[in-house]
Structure formats: C-alpha cells, structure tokens
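Enquirer: After the structure tokens below, expect a handful of questions from me.
2 protein chains.
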Amino acid sequence: MFTKETYIKRREHLRETMQSGLLLFQGNDESPMNYADNTYHFHQDSTFLYYFGINKPGLHAVMDIDAGVDYIFGDDLTIDHIVWMGHQPTINELAAGTGITKTGNLQQLSVMLINNKTRVQYLPPYRADHKINLLQWLGISPGEAAQNASIQMIRAIGEQRIIKSKEEIIEIEKAVNTTVEMHQAAMRFARPGMTEAQVMAKVYEKAHAAGGNISFPIIATINGQTLHNHYHGNTIKEGDLFLLDAGAETATGYAGDMSSTFPVSRTFSSAQKEIYQLTLDAHNAAIDACLPGTNYRDVHLKAARVITDGMKAMGFMKGNTDDAVEAGAHALFFPCGTGHLMGLDVHDMENFGEQWVGYAGNPKSTQFGLKSLRLARPLQKGYVITIEPGIYFIPQLIDLWKKDGKLTDFINYNKVEEYRDFGGIRNEEDVLITETGNRILGKPLAKSIEDVEKERILAFEV
Amino acid sequence: MFTKETYIKRREHLRETMQSGLLLFQGNDESPMNYADNTYHFHQDSTFLYYFGINKPGLHAVMDIDAGVDYIFGDDLTIDHIVWMGHQPTINELAAGTGITKTGNLQQLSVMLINNKTRVQYLPPYRADHKINLLQWLGISPGEAAQNASIQMIRAIGEQRIIKSKEEIIEIEKAVNTTVEMHQAAMRFARPGMTEAQVMAKVYEKAHAAGGNISFPIIATINGQTLHNHYHGNTIKEGDLFLLDAGAETATGYAGDMSSTFPVSRTFSSAQKEIYQLTLDAHNAAIDACLPGTNYRDVHLKAARVITDGMKAMGFMKGNTDDAVEAGAHALFFPCGTGHLMGLDVHDMENFGEQWVGYAGNPKSTQFGLKSLRLARPLQKGYVITIEPGIYFIPQLIDLWKKDGKLTDFINYNKVEEYRDFGGIRNEEDVLITETGNRILGKPLAKSIEDVEKERILAFEV
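Listed below in structure tokens is the structure:
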C-alpha cells in the first residue's frame, strides 16, 4: 500500500514548501493508565505516521531542510527487552523502511536540537511528555510550547495532508467499511433491557476484529441530546432513541466516523419519525451541497436552513428562515457544526489549530453555533469530510435561552417545552470531494426510516 | 458498596500513620491519543480512588495532616460545558460525597502548594502531566520528580492498601468473575482461520459489556513464549497453542487478571499435554503453598522446583533440583515471577516501586529470573495475589544461554532445541489469603486438560 517511496515523496513535497529550517517531528510514546508499564493501546502521532510511516513508540524524526537530510532517532532495544518482546527491528531497519539512512539515539537527538535551537520548528504538542521534551531540548516551558509552534510548518503540512491521495482514500474507505459494520452490528443487536455498555461492547468488537481499533471514544447512548456523552450505564428501553457515533481506525491509522440513530423499539414513534426525517433531509441536502469550490460554511448553512424550515413547519420555530439562520436561532436545536475534515485523525489535524487548517488562516465566527463549525473553506478535490447535522432537544440549553428570552421572534418556546425530553438525532457519513461533485465513502448503511426499521427487525429475531 | 464513611475511615487511618505533612494526591486527567480532545477512556489514579472515590478527571486532593483537614480541588464546569455534557456535579457536590467540605479551584491549589512547599509530600508520578504540575507547583524538574517522592507516604499507603477489606474483596471478585467470562468466551469462540484480533475482540467485548473495561492490555497470541506480546495480527491454525492473558476492571476500578492456554485444535497434542500438565502442576502447587506467614518468594521457589522436577523427567533439565533452582537454571523456561499483588491496580501499587511494597524495603535479587519476582514478603490475611507460573521456549533466550554455555550442568540444550518452536503455556488465577489458607477468587474456569478440551468442543459446534 504505502511504500518507502510514498514517504520519500511526501517529505520531498514538504521540503520544497518549507525551504529552510530544522523540522522536529515527535513520535508518540506509550501512554500510561495507572502506572508506567500499564499502558493504553499505542497510538502514533498522525503527522509522524504521514511522513515516516513507522507505527512504533519511542521514536522521533528530524528533517534538516537546509541540508536536505532526514533523520530517525530512537534507542535500540537491549537483548533483555528482546527476550520479553521477541525479535524487534532496529532503528536502522525502521529508518531504512521509510527511506532514511541517517539515524541516532535519543541522546544524539538532544545534542542536535540543543546545538540548533534557533533553527528548530515544531508542531503544537498535545501530549504532556512532548512538552517535557521541548523543555529539556529547547528550554521552552510547557505553558509556552503551543504558542512557540511553527505556523509555517502547520500551514505547509496542513495544505499537504488536507488533500488525500488515492492510496489514502483506499485506506479511509476500509475504515469506513468497518465503521458501517460497527453501526449495522448495533442496529441488529440492541434490544430493550440491555445496557448501553452492551451495545457499545458489540460495536467495539467489530473495530477490534477488523485488526484496528476505534478512531475516537464511542458515543452509544439513549441521551443523544448530550453531545459529549461517553456514559454507557443506562438500561435501554422501548420508546428510547439510541444514538451511536462511532468509527474504526485501520491498522495503518486512517479513521472512519459515522453516526446513526435508531429506535430501541422495533419502529420509530410518529414524533421520532418526524424529527428523524427532517434530520435526514438536512443531512442529504448538505451532502448534495458538497461540491468542489463550495465553501463548507455554505454547506453548513444549507443544513441549518433545511432544519429551520422543517422546525417552522412543525411549529418549533417561526419567522423568516434566512433571518433565523442569520441570527443563529437554529442553534437551539443544532448547536454544533455540520462536520469536519477526516483522515489520519478523525478530526483531521485538529491539534494544528482550526484557524490554520479548517479556516485557512481566516477568522472564525463568535456566534453560538457557528463558532463550533470546524471547517469553513472552499472544498477541493481530495478533501474527505464528514456530514452530520443533527437535531437535539437539550434541556439545559432550552432553559438558558428561555430564561434570557433569546430570539423569541424565531423560537416557539411553548412548543419546544413539549419536546424537552425528546432526546437527539444525528446521521453522519464520510464524503470525498471529487472532480465534479462528491462520493459517499464506504458501503451503504441503512439511513431511511424504512431501512432502519428493517435492520431493527433482525435484532428481535434472535 | 463504598460509602462516604469508607473513604473517611481510610483517610483517618492514613492520618494516624503519617502524623504530619501536607499530602498531595494528584487525580488523573484525560489522556490524549492523537490530539487534545481525542482521548483514551478515562482512568483515575488508583490511590486517588482509594482515598476519595471520585472517578472524574481534573481533580486533585490534599490532606493537611497537621491541621487535620482534607481538600478537593478542581475547576467547576461552565454553562457552555454543561450544554455539551449534560448536568455535571459541582466540585462541592463531589467533595461532599467523599465526606470533604473544604474545596477550591486549581489556582487555589497552586497557591496552597507554593506556600507550603516544604511540607508537601507526594507519590511517584507516572504521568507526564503530573510531572509538569510538580514543576509548576514545587519547582521540581521532571527528571527529579520520582526521586523526590515521599517514601514515608509510599510505605504508609502501601501497608494500608495491601490488606483488602471485605468490600474490596467483593469488588475484586466481581472483576474476576467477568475475567472468567472473558476467558471462557475465548475458549468457546477461537477457531482455526481466525485472527488473534478476532479472539481478542470477543474477549474485550465481555469486559465492556459488564460495564467496566480491561484492567491491562490483552495478550491474545499463538506466540505465548513472547511474554510482552500485544500483537494480534496472526492467523491462528490447527496445532497452535493460544495463550490469553486478560482481565476485567470493574466500574469501581478493581482488577481481575487471569491467563489460560488452550489448543487452537479441538484437543492438545501429546507434547502440548505433557508441558501443559506440568505447568498446571506447578500452578496448583504454588496455590497450595499460599498460606499466611509463608513468604511469597517461597511460593515462587516451590513453583520453580515443580517445574525443574518435571523438566528433568522430560529430559530438558538434569542434576539436583535444589541446586538447579538455586542457580536459576529453571529461568530458561520460567524467566519471570510466579505472580504479583492485585487490587485497584492489576500490579497493585507498581508505581510506588516494588522495593517498598512488594519487598517491604528489603533488597531484590539480581539473578536472572528471580529479579523479575514482584513480591517477596510473608503473606497475610487480606492479600490478593496472582499465581501464574509458566513454561516458555524463548528462541532468543535459548540462543543466548547456549552461546554462553550457561548452566550446562542443569540444561540439556539438545533436547531443548527440539522444542524451540513449541511456544509457551501459562495458567493464572487470583488468590485471596485467608485466616487459615487461601481461596481462589471467582467462579471456576476450565484448567484441567479434560475440562479445557470440553470447552473447545463448543467452539467447533457453532
């Protein structure tokens, strides 16, 4: 798939863009749970994977752009380690696999960085051990590590990684196909009386069995209105809506990310059908709007308008649709963005800072709702994005807006109150921007009301 | 189960032991995978859980022993967070739940620590963010954080946590019961042609479905001779031995830890039976030796002698058994320890340093094999330990010893070479030391050859 030449070419491209500097790429180390040797599953840094492809802990890389030389640094294992861990490739072997002949140990890396302090450029660190490294190598305090990151490097890498190659799209589609299986498994498994954890466990199994892992913590909940919800302790029952947001990561590190919402009962109730259909209409309209050259902000606003129109038709909202969206009134039900970039990171390059990648250096809105949009730049061939508008009845948000008398020209709070315990609905798919339009990645997952109810029958047939 | 009074009593006990000082307990924070907001599942620090019972990120606690006052520190969530996360208890509410009335935010914690630098005592940090905190609060450099930890605090807490209460044993037994289900699931599921990852996925599902998680990274491998093996990419086939080392963690944080070895075929081969039976004999002999007052080192040496006797009978070893064990010759096949303490940590309090807890301050052996023994002190009522002797044919170790001509009085290298690709076998159970002897925790898992083969039939009946 990805060969030595893949990585050499990617580095050549970056070398041409950067023109000068000593670029430091910190690979990730093991991450301890409750003591040093009891670790979470290893997750390599995505940029390190992108340019060097080595999925092992304890390594760092340097590209000396001025000298045109790349290095891999790490400490070779001792024979003691090999007795416990079996044969392990040496640093030289790992480096050769990515087309690099210059290697060194971590002490040599430290010396190189200390001796070249003024030339070093690095990406914003998101792990505490990387901040300690920057302190020890460059004397940068942990509190200042992010702000001293190289914006030039962020932008150069951001513009390179944002366009997915054919090989990357094949890997992403593998992740999406496993993701579809995860969602299908949940739809065909969840029954009243189970816990959310049991459904989550089944979903997780599919990601593991495919030889990879999950790409982000699974949301598997009957409280879909709580957007950041990783609690799985509830027992699910007839009448509940189950919202699943889950994705697979392939062994090569690429992510999938989908959401589905299905009734815990065999069928949706009529109220659930009405809101579900509107969410799906917004979802489909947003996908149709994903064209090369279209700003993703407009894709988002399209979804917001469809939701506003529908919520007006149902009596939750009122007034002129364009004015309501302009004022951000839809954000009472749809307080987040329509989606995000996806690649090696499920929120691709989120650690770089949204303003540099998702916004290409342009300012973000400060309006509630729009400020949570992660991407607002013209779409181009090779972008992979998610589309995931949703409709949520968030009691805390309803109470807050109502108390403040917010946007009463557009919101019928009496009608909203009737639905305050309704929950939340979201569908999410992964979309590739093509030359002329877009393509939904992966095999199809049930999303029409009819198709979802067909899947649900299978859960009750066991 | 664990009530407010549980935590108050535990802290009272510690206060009496310590007599003075300002004890800092760093709670864990979220741990990022590939960017700040994409985190691994949250895992609280075990000592923080033990004394405060709050399973949430972003908190720290202080016990001012001199003043007799305990504090919980953390930043309350804003209404913005609550919109995304639903209702969340306040720091005051969390503190009240553990019987503490004094609270503060993180800025106030920082001020308190800076103002009381000389009185602060803390445990060895194992997470990098905790080291950064110590740098910022106390000016201790990350490289010196561990050596400046309080040995008095380590020993006081170690002696308290090492004795498990009735309530803790109930929780540990829950973890062990789920652990049994994980192993049973693998035995009844694995079939030739599957990947190791598929079996691992099924095992993991059981831990998740029980409402908890895994207590350590799962070993699920046809290369059981590689002791630290987290690779799951092999396809399993007829004739292979499958070694599973996996444990559940309950929602309250207590660990189970078991190992099982079974044939990928319906039955063991005759060579596999012979080695398996010897491993099991050593395992059972070690459990029988677990009596209050007996030093765990002697339990280990008992297992080593049984293995040596058996390996002599099969022709792998020769000479006097006691002399061979004294010389460490058994360690060619059994290079690790017989087991370890288990509780809130699967290797209980491993972050404190083995010399203080497992060795009660006494020196460790430096002999290969014995130096890997994690526990060597007289057993007492209330200890929970694992018993897991194994027999491994490790090609790299065989080559190393053979090349050095090591212990040729005790090893028949020609016979060993015949088995160099045999693999490895281990059984592991969790044992409570009682007033008069011991009790194997949890419901029974197949471990005799006959019982394991009965379980295996079920996998082929699907």
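Chain order of the listed sequences is H and Y. Using our numbering, count along the first sequence one by one with no gaps and you end on 462. Using our numbering, count along the second sequence one by one with no gaps and you end on 1462. For each residue, glycine too, the CB sits at the ideal point set by N, CA and C.
What's the call for MET349(H), buried or exposed, on a 16-neighbour Cβ count within 10 Å?
Expert: Counting Cβ neighbours within 10 Å, MET349(H) comes out buried, since at least 16 surround it.
Enquirer: Can you name the residues of chain H whose CB is closer than 7 Å to the CB of LYS1403(Y)?
Expert: Neighbours of LYS1403(Y) on chain H: none; closest Cβ ~11 Å, over 7 Å.
Enquirer: Decide if PRO389(H) is buried, meaning its Cβ has at least 16 other Cβ atoms within 10 Å, or exposed.
Expert: The residue in question, PRO389(H), is buried, as its Cβ has 16 or more Cβ neighbours within 10 Å.
Enquirer: Comparing alpha-carbon positions, which option in LEU1301(Y), GLY1027(Y), TYR1419(Y), ILE1169(Y) lies nearest ILE1275(Y)?
Expert: Closest option to ILE1275(Y), Cα to Cα, is TYR1419(Y).
Enquirer: Given 8 Å as the limit, is there contact between the region 350-359 of chain H and the region 325-334 of chain H, that is, 3 or more CB pairs closer than that?
Expert: They do not touch, by the three-pair rule.
Enquirer: Provide the residue span of the alpha helix (DSSP H) that contains VAL493(H), from first to last.
Expert: Outside the shown range of chain H (1 to 462) lies residue 493(H), about which nothing can therefore be said.
Enquirer: Indicate whether the contact test is met: 3 or more Cβ pairs, each with one atom in the region 1237-1249 of chain Y and one in the region 1209-1222 of chain Y, closer than 8 Å.
Expert: The answer is yes - the region 1209-1222 of chain Y touches the region 1237-1249 of chain Y, with three or more Cβ pairs under 8 Å.
Enquirer: Helix or strand or just coil, what does DSSP make of GLU1030(Y)?
Expert: GLU1030(Y) falls in the coil class under three-state DSSP.
Enquirer: Scan the region 59-85 of chain H and note each continuous alpha helix (DSSP H) run of 4 residues or more that stays entirely inside, going in chain order.
Expert: You should have 79-85.
Enquirer: Mind checking PRO142(H): buried by the 16 CB within 10 Å criterion, or exposed?
Expert: Buried: at least 16 other Cβ atoms inside 10 Å.
Enquirer: Starting from the Cα of ALA1271(Y), find the closest Cα among ILE1457(Y), MET1033(Y), ASP1045(Y), ILE1449(Y) and give me that residue.
Expert: Checked all of ILE1457(Y), MET1033(Y), ASP1045(Y), ILE1449(Y); the closest Cα to ALA1271(Y) is ILE1449(Y).
Enquirer: Using a cut-off of 7 Å between C-beta atoms, extract the partners of MET1033(Y) located in chain H.
Expert: HIS43, listed in chain order.
Enquirer: In chain H, which residues lie less than 7 Å from VAL1346(Y) when you measure between Cβ atoms?
Expert: Correct list: ASN38.
Enquirer: Given 8 Å as the limit, is there contact between the region 1016-1025 of chain Y and the region 1046-1066 of chain Y, that is, 3 or more CB pairs closer than that?
Expert: Yes, the region 1016-1025 of chain Y is in contact with the region 1046-1066 of chain Y.
Enquirer: Listed in chain order, which residues of the region 1121-1139 of chain Y have Cβ atoms closer than 7 Å to some Cβ of chain H?
Expert: So the close ones are TYR1126, ARG1127, ALA1128, ASP1129, LYS1131, ILE1132.
Enquirer: Establish whether the CB of SER372(H) and some CB of chain Y are separated by less than 7 Å.
Expert: No, SER372(H) lies away from the interface with chain Y (no Cβ there is under 7 Å from its Cβ).
Enquirer: Helix, strand or coil: which one does DSSP assign to ASN1362(Y)?
Expert: In this structure, ASN1362(Y) counts as coil in the three-state DSSP scheme.
Enquirer: Is the distance from the Cβ of ILE218(H) to the Cβ of ASP240(H) below 7 Å?
Expert: Result no, Cβ atoms of ILE218(H) and ASP240(H) do not sit closer than 7 Å.
Enquirer: If you compare alpha carbons, which of PHE52(H), GLN26(H), LEU341(H) is closest to LYS381(H)?
Expert: Cα-wise, what sits closest to LYS381(H) is LEU341(H).
Enquirer: Give a yes or no on whether the minimum CB-CB distance between TYR1204(Y) and chain H is below 7 Å.
Expert: Judged by the 7 Å Cβ criterion, TYR1204(Y) is in contact with chain H.
Enquirer: Which residues of chain H have a Cβ atom closer than 8 Å to the Cβ of SER1495(Y), listed in chain order?
Expert: The question about residue 1495(Y) has no answer, for chain Y in this structure spans 1001 to 1462.
Enquirer: CA-CA distance, ILE1236(Y) and MET1194(Y)?
Expert: Roughly 6 Å separates the two Cα atoms.
Enquirer: Given a cut-off of 7 Å, decide if ASP1129(Y) and ALA128(H) are closer than it, judged by their beta-carbon atoms.
Expert: Yes, Cβ-Cβ distance for ALA128(H) and ASP1129(Y) is below 7 Å.
Enquirer: Are the C-beta atoms of TRP1084(Y) and some chain H residue less than 7 Å apart?
Expert: By this cut-off, TRP1084(Y) is an interface position.
Enquirer: Rank LEU1379(Y), ASP1322(Y), ILE1398(Y), ASN1295(Y) by C-alpha distance to the C-alpha of ILE1307(Y) and give the top, closest one.
Expert: Here the closest residue by C-alpha is ASP1322(Y).
Enquirer: By DSSP, does GLU428(H) sit in helix, in strand, or in coil?
Expert: Strand at GLU428(H).
Enquirer: So, helix, strand or coil for ASP1129(Y), using DSSP?
Expert: Helix at ASP1129(Y).
Enquirer: With a cut-off of 8 Å on the beta carbons, I'd call VAL83(H) and PRO1335(Y) a contact; round off their distance for me.
Expert: That belief holds up - the Cβ atoms of VAL83(H) and PRO1335(Y) are roughly 7 Å apart, short of 8 Å.
Enquirer: Should ALA1303(Y) and PHE1242(Y) be called a contact, given that it needs their Cβ atoms to be closer than 7 Å?
Expert: No, Cβ-Cβ distance for ALA1303(Y) and PHE1242(Y) is not below 7 Å.
Enquirer: Please say whether LEU445(H) and HIS183(H) have beta carbons closer to each other than 7 Å?
Expert: Yes, the pair counts as a contact, with Cβ atoms nearer than the cut-off.
Enquirer: TYR35(H) and TYR1126(Y) - do their beta-carbons sit closer together than 7 Å?
Expert: Result yes, Cβ atoms of TYR1126(Y) and TYR35(H) sit closer than 7 Å.
Enquirer: At what residue ranges does the region 1343-1387 of chain Y contain a whole run of the beta strand (DSSP E), taking only runs of 3 or more?
Expert: Here the runs fully enclosed are 1384-1387.
Enquirer: Grab the span of the beta strand (DSSP E) containing GLY104(H) for me, first residue to last.
Expert: Its beta strand (DSSP E) spans residues 102-104.
Enquirer: Would you check if the region 167-176 of chain H and the region 1165-1178 of chain Y touch, i.e. whether three or more CB-CB distances between them fall below 8 Å?
Expert: No, because fewer than three Cβ pairs between the region 1165-1178 of chain Y and the region 167-176 of chain H fall closer than 8 Å, the two stretches do not touch.
Enquirer: Taking C-beta pairs closer than 9 Å, name the residues in chain B that SER1046(Y) reaches, listed in chain order.
Expert: Structure shown: chain B not included; protein chains present are H and Y.
Enquirer: Below 7 Å on C-beta distance, what does ILE1394(Y) contact in chain H?
Expert: Ordered by position in chain H, the residues that pass the 7 Å Cβ test against ILE1394(Y) are VAL83.
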